[in-house]
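So in UniProt numbering the end of the sequence shown lands on 201, straight run, no missing numbers. See below for the structure under consideration.
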Amino acid sequence: MAKNWNGHYKHLNEKTPPAAMLSLALAAFEHENANNAEKLSLDLGCGNGIDTLAMLQDHWHVTAIDRERQALVTVERLVEPELRSYLKTRCIDFAEIDTLPACKLVNATFSLPFCPPARFDHLWNVICKAILPGGRFSGQFFGVRDSWSSNPEMTFHTREEVHQLLEGFEIEHLEEVEKQGKLISGQPKYWHVFHVVARKI
């Protein structure tokens, strides 16, 4: 697994833009003139660190979480010295998360589907409790027609189920995408993805 993720990180670099859903969420906070003291965020499954860096550069205090130690090493290596005090890291598997610190933003770019189904509802409840009123979730859920949907260790949702997950949130952006595409490795893959930005009521 570690070897595979090392290869994944090598395909991505500092020039890769942050995720579109995160960019929408950050723009919404900027429009609201968010107070710097309230800019507390979590990056769940931080991966290559691009989203973490975008939040840090926008002067968010970020807790970057990933089960792969190499991901956190990558993030720490890329952070500019003047922003290092804004960053915390935590190496843990989603299936083991029981608590998260209170925050105004939880970003989970293509990461939540990798939580096992038996633990997903618990993890989602922990996420919802962590987000303060007026805070946001940005990220993705995988749909049931995704080509990985036969994987019993991953979690997939229907559109109705996504709406149920977002009860208690104002949905600011919800886009369902189905398309034939490729992985970074070049292998073909059918994507069924829900892209979400939602504000906690």
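C-beta: ideal position from N, C-alpha, C; glycine also. Quantities reported herein were computed from a predicted structural model and do not represent experimental measurements.
Beta-carbon separation of residue i and residue j under 9 Å?
i	j	result
T63	E76	no
V193	H173	no
S111	Q140	yes
R69	C91	yes
L165	I131	no
G45	A102	no
A19	I50	yes
C115	T155	yes
E175	R145	no
L53	L78	yes
S138	L24	yes
Under three-state DSSP, which class holds residue i?
i	result
R145	coil
S85	helix
N6	Note on N6: pLDDT 47, under 50, position unreliable in the model; no value is reported.
E161	helix
E38	helix
S185	coil
E167	coil
M1	Caution is warranted here: a pLDDT of 36 is assigned to M1, below 50, making its placement in the model unreliable, and the coordinate value is therefore given only provisionally. Three-state result, M1: coil.
V196	strand
T16	coil
Grab the span of the alpha helix (DSSP H) containing residue i for me, first residue to last.
i	result
F29	A20 to H31
Identify every residue that forms a DSSP beta bridge with residue i.
i	result
P152	According to DSSP, P152 bridges with nothing at all.
E172	E172 pairs with nothing; no bridge assigned.
Are the C-beta atoms of residue i and some chain B residue less than 9 Å apart?
i	result
A19	Any reference to chain B falls outside this structure, which holds one protein chain only.
Checklist entry - Which residue spans inside the UniProt domain "Methyltransferase" (42-135) form an unbroken alpha helix (DSSP H) run of at least 4? => result 50-57, 69-78 and 117-130
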